[in-house]
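Quick notes on the structure that follows.
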Amino acid sequence: MNYSDFIRGFACADICYARAGWHSQSFDLEFDGHGEGLGVRNALKLRSVGGAVECWVMGIQPTERGKQVKRPKGYYLNDLSLLILDDAGEVVASVLGGARRDVSCSAVMEEGREYVAVPVSFRASRGPFVRRIYAAA
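Residue numbering for the sequence shown follows the numbering used here, starting at 1495 and increasing by one per position.
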């Protein structure tokens, strides 16, 4: 294996952010592909009760592991990104993922405040993805 193949295959490692005792929930979503440009799907409200809580939000597009950007003929991954906004509309955390299988970002949610997790695509081709939430409490 030459160096460029090694870097392409191992430059990005999958890491599990979930820990024993954490709570998780997955939501199946899809960019509908209507129109050109920006796509935003199903903002999700989050709220911490009982103190500050660490929370991870992931966006995962289905592909076979090891595949590059291109999937079956004519299908490309969306440029999936994530935003976490607080109740004042300020960005608490964000990640611009590009055409990758998965993206993730985290925030510490303060008690009594509401947050919104928003998946975004700047190309928004038709395609499914999963939004997964991991929280310490």
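C-beta atoms are modelled at their ideal positions from N, C-alpha and C, and glycine is treated no differently.
8 Å Cβ shell around residue i - same chain, five flanking residues per side excluded
i       : result
ALA1537 : VAL1610, ALA1611, VAL1612
VAL1602 : ALA1546, VAL1547, GLU1548, CYS1549
GLY1544 : GLU1605, ALA1631
SER1600 : TYR1511, GLU1548, CYS1549, TRP1550, VAL1551, ALA1587
SER1598 : TYR1511, TRP1550, VAL1551, MET1552, GLY1553, LEU1576, VAL1589
Residue i (DSSP reduced to helix, strand or coil)
i       : result
SER1615 : strand
ASP1499 : helix
LEU1571 : coil
Those residues which DSSP pairs with residue i across a bridge
i       : result
LEU1577 : SER1588, VAL1612
GLN1519 : ILE1627
ALA1601 : CYS1549
PRO1622 : GLU1524
ARG1541 : GLU1608
Cβ shell of residue i (< 6 Å), same chain only, five flanking positions each side left out
i       : result
ARG1595 : GLN1555, THR1557
ASP1581 : ARG1607, GLU1608
SER1520 : VAL1624, ARG1626
Pair within 8 Å by beta-carbon distance, residue i and residue j
i       : j       : result
ASN1572 : PHE1525 : yes
LEU1523 : PHE1623 : yes
GLY1621 : GLY1591 : no
LEU1576 : VAL1589 : yes
ALA1579 : SER1615 : The amino acid occupying residue 1579 in the given sequence is Leu; Ala does not appear at that position. Not a contact, by the Cβ cut-off of 8 Å.
Own chain, CB closer than 7 Å to residue i, minus 5 neighbours either side, in chain order
i       : result
SER1619 : PHE1525, GLY1527, TYR1570, ASN1572
SER1518 : ALA1512, ARG1626, ILE1627, TYR1628
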